[in-house]
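These notes concern the structure reproduced below.
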Amino acid sequence: MSKTTQLTEIIVGYGHPNVSAMHKTTVEFTKDKHLSKNGDCILIVNADKVLTDLNPLFKEKLRQPNSKLIVTIEADGLKDQIIGEGSPDLSLKHPTDIVIRKSAYISDRTLAIHANKAAQDLSRQLIKKLQNPQQKATITLTVEV
Numbered sequence: 004m005s006k007t008t009q010l011t012e013i014i015v016g017y018g019h020p021n022v023s024a025m026h027k028t029t030v031e032f033t034k035d036k037h038l039s040k041n042g043d044c045i046l047i048v049n050a051d052k053v054l055t056d057l058n059p060l061f062k063e064k065l066r067q068p069n070s071k072l073i074v075t076i077e078a079d080g081l082k083d084q085i086i087g088e089g090s091p092d093l094s095l096k097h098p099t100d101i102v103i104r105k106s107a108y109i110s111d112r113t114l115a116i117h118a119n120k121a122a123q124d125l126s127r128q129l130i131k132k133l134q135n136p137q138q139k140a141t142i143t144l145t146v147e148v
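In structure tokens form, the structure reads like this:
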């Protein structure tokens, strides 16, 4: 019987008036401070950490076969969760963005694949909170192997 290892990273960011969360296949967090109306997968701007900032050990665990990622998004007491998978093919090198995908597509921006939710699937109450630029949000990333 193998023991499950868990590592956690905490990211803090903010909402934006243009958060619509209507994308059908992805969720994104960014260090960028501006969000156009076209960014319908972006939930959080001005993030204090992105892929390049994550702990090397966290990245190593996420790249292991069968790794699972639990993403908890919290703002003003409201929470939602996305569960996805890591992959040995993840580069985790993008300097401004983090993308979680329902598909198996991997780019430098990808944190997780085969996610159970995209932006459009998240709590509308939470999305409403994230439309406030003053709203601080916490993203907890937990990798399990």
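Numbering (the numbering used here), first residue to last: 4 to 148. Glycine residues also receive a C-beta, built at the ideal position from the N, C-alpha and C atoms.
- Considering only Gln-138, Val-148, Asn-135 and Lys-120, the residue with the shortest C-alpha distance to Glu-31 is Lys-120.
- Between the beta-carbon of Cys-44 and that of Thr-29 there is about 4 Å, and that keeps the pair under the 8 Å contact cut.
- Rounded to whole angstroms, Leu-72 and Leu-129 show a C-alpha spacing of 20 Å.
- Taking 8 Å as the upper bound for CB-CB distance, Ala-78 and Ala-140 are in contact here, some 4 Å apart.
- In this structure Gln-134 is not in contact with Tyr-17, their Cβ atoms being roughly 11 Å apart against a cut-off of 8 Å.
- Secondary structure of Lys-105 (DSSP, three-state): coil.
- When beta bridges are read from the DSSP output, Ile-45 appears opposite Glu-31.
- Per DSSP, Leu-144 is one residue of the beta strand (DSSP E) stretching across 139-147.
- With respect to the C-alpha of His-97, the residue from Gln-9, Val-22 and Asp-35 having the closest C-alpha is Asp-35.
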